[in-house]
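**Student:** Numbering (our numbering), first residue to last: 69 to 303.
Note that CB positions come from ideal geometry on N, CA and C, so glycine has one too.
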Ligand code: SF4
């Protein structure tokens, strides 16, 4: 097993492994992840189509897979319903990580509607800090990001060292297209968020997610009006 990466040789090892797994199906990459890291790897989901497809794959490979999400307290009701549907369908519990601050405590400390005045700070408090707690004690985490989702994700490798969070990051869907994800969902009858059928290709918190217009980037509806397309989880 690879030790935690703290020198160039080990980062190079990850690069070699990533190259070897690049053309493998996501299930094979997940099998490698569970064999390599056992219970010290967890899957993060935001309940997007990629995330639900990945849960379906992961449960087939390892029914005891640890899966978590970041509950900001302001997710859409449809997202919470989807979480429960997934838990019922796959007989699992998706672990919730939350901010230490309730929404009212956040408003008292930083002002009302922080997502309007300082969304970066709001994301830090409600997403990044909980993610830090979720990753504590892990050697690796699995994400559902794809390279063609946004320029910021274009260089994601199948396996890579996550410098921001200091552990291995595994992206089994890195080379998949949106079409491949939806084909998988339809073919395998995977639950998905009904908001995707209403013009919301990317869904986050209620306050920071709008539907998109034809021709817009999939993430154009996130933080509309701000120069922000990522919450900071991925570097
Ligand atoms: S997406 Fe919006 S509401 Fe959610 S944590 Fe970030 S700024 Fe806050």
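#1: Among all residues, which have a Cβ less than 6 Å from at least one non-hydrogen atom of the ligand SF4, and in what chain order do they fall?
#2: In its own chain, which residues sit with a C-beta less than 8 Å from the C-beta of residue 168, not counting the 5 before and 5 after it?
#3: Taking the C-alpha atoms as reference points, what is the distance between residue 303 and residue 224?
#4: Between which two residues does the alpha helix (DSSP H) carrying residue 201 extend?
#5: Between residue 241 and the rest of its own chain, which residues show a CB-CB distance below 6 Å, the 5 nearest in sequence each way excluded?
#6: Considering only their Cβ atoms, is the gap separating residue 293 from residue 280 smaller than 8 Å?
#7: So what's residue 297 in DSSP terms, helix, strand or just coil?
#8: Is the number of C-beta pairs between the segment 159-177 and the segment 133-150 that are closer than 8 Å three or more?
#9: Checking 8 Å against the spacing of the C-beta atoms, do residue 226 and residue 99 come in under that value?
#10: Is residue 271 helix, strand or coil by DSSP?
#11: Residue range of the beta strand (DSSP E) that residue 164 falls in?
#12: By DSSP's criteria, residue 102 is part of a beta bridge. Which residues make up the other side?
#13: Alpha carbon to alpha carbon, what distance is there between residue 247 and residue 88?
#14: Rounded to whole angstroms, what's the CA-CA distance from residue 299 to residue 232? Just pull it up for me.
#15: Grouping DSSP H, G and I as helix and E and B as strand, with all else coil, what is residue 134?
#16: At the level of alpha carbons, what is the spacing between residue 72 and residue 234?
#17: For residue 244 and residue 112, which I take to be in contact (beta-carbon distance under 8 Å), what is that distance rounded to the nearest angstrom?
#18: Could you spell out the range, first to last residue, of the beta strand (DSSP E) harbouring residue 265?
#19: Who are residue 181's beta bridge partners in DSSP?
**Tutor:** Quick look at the numbers:
#1: After applying the 6 Å Cβ criterion, the set is 140, 142, 183, 187, 190, 191, 194, 195, 272, 273, 275, 276 and 299.
#2: To locate residue 168, count along the chain shown from 1; it is residue 100. Sequence-distant partners of residue 168 (beyond 5 residues in either direction) whose C-beta falls short of 8 Å from its own C-beta, in its chain, are 197.
#3: Position 235 of the chain shown, counted from the first residue, corresponds to residue 303. Position 156 of the chain shown, counted from the first residue, corresponds to residue 224. The alpha-carbon atoms of residue 303 and residue 224 are separated by roughly 10 Å.
#4: For this step, residue 201 is matched to residue 133 along the chain shown. Unbroken alpha helix (DSSP H) run through residue 201: 197-203.
#5: Translated into the one-based positions of the chain shown, residue 241 becomes position 173. So the list reads 94, 118, 212 and 214, once near-sequence residues are dropped.
#6: On the chain shown, position 212 is the one that residue 280 refers to. On the chain shown, position 225 is the one that residue 293 refers to. No, the pair does not count as a contact, with Cβ atoms beyond the cut-off.
#7: As a first step, residue 297 is located in the chain shown; it is residue number 229 there, counting from the start. Secondary structure at residue 297: coil, using DSSP grouped into helix, strand and coil.
#8: Yes, the segment 159-177 touches the segment 133-150.
#9: Residue 226 sits at position 158 when you count from the first residue of the chain shown. Residue 99 sits at position 31 when you count from the first residue of the chain shown. For the pair residue 226 and residue 99, the CB atoms are not nearer than the 8 Å cut-off.
#10: In the chain shown, counting from the first residue as 1, residue 271 sits at position 203. DSSP places residue 271 in the coil class of the three-state scheme, outside both helix and strand.
#11: Numbered from its first residue, the chain shown carries residue 164 at position 96. Per DSSP, residue 164 is one residue of the beta strand (DSSP E) stretching across 163-165.
#12: Counted from its first residue, the chain shown places residue 102 at position 34. In the DSSP output, where bridge partners are listed per residue, residue 102 has none listed.
#13: Translated into positions along the chain shown, residue 88 becomes position 20. Translated into positions along the chain shown, residue 247 becomes position 179. Their backbone Cα atoms lie some 24 Å apart in a straight line.
#14: Locating residue 299 in the chain shown gives position 231, where the first residue counts as 1. Locating residue 232 in the chain shown gives position 164, where the first residue counts as 1. Each residue's alpha carbon lies about 13 Å from the other.
#15: For the purposes of this step, residue 134 is taken as the residue at position 66 of the chain shown. Of the three classes helix, strand and coil, the one that applies to residue 134 here is strand, per DSSP.
#16: Taking the first residue of the chain shown as 1, we reach residue 72 at position 4. Taking the first residue of the chain shown as 1, we reach residue 234 at position 166. A caution first: residue 72 carries a pLDDT of 46, below 50, which makes its placement in the model unreliable, though a value can still be read off. If I take the Cα positions, the gap works out to 8 Å.
#17: As a working note, residue 244 is residue 176 in the chain shown. As a working note, residue 112 is residue 44 in the chain shown. Incorrect: roughly 17 Å between the Cβ atoms, too far for contact.
#18: Taking the chain shown and counting its residues from 1, one reaches residue 265 at position 197. From DSSP, residue 265 is part of no beta strand (DSSP E); its letter is neither H nor E.
#19: The sequence position of residue 181 within the chain shown is 113, counting from 1. Its beta-bridge partners do not exist; DSSP assigns none.
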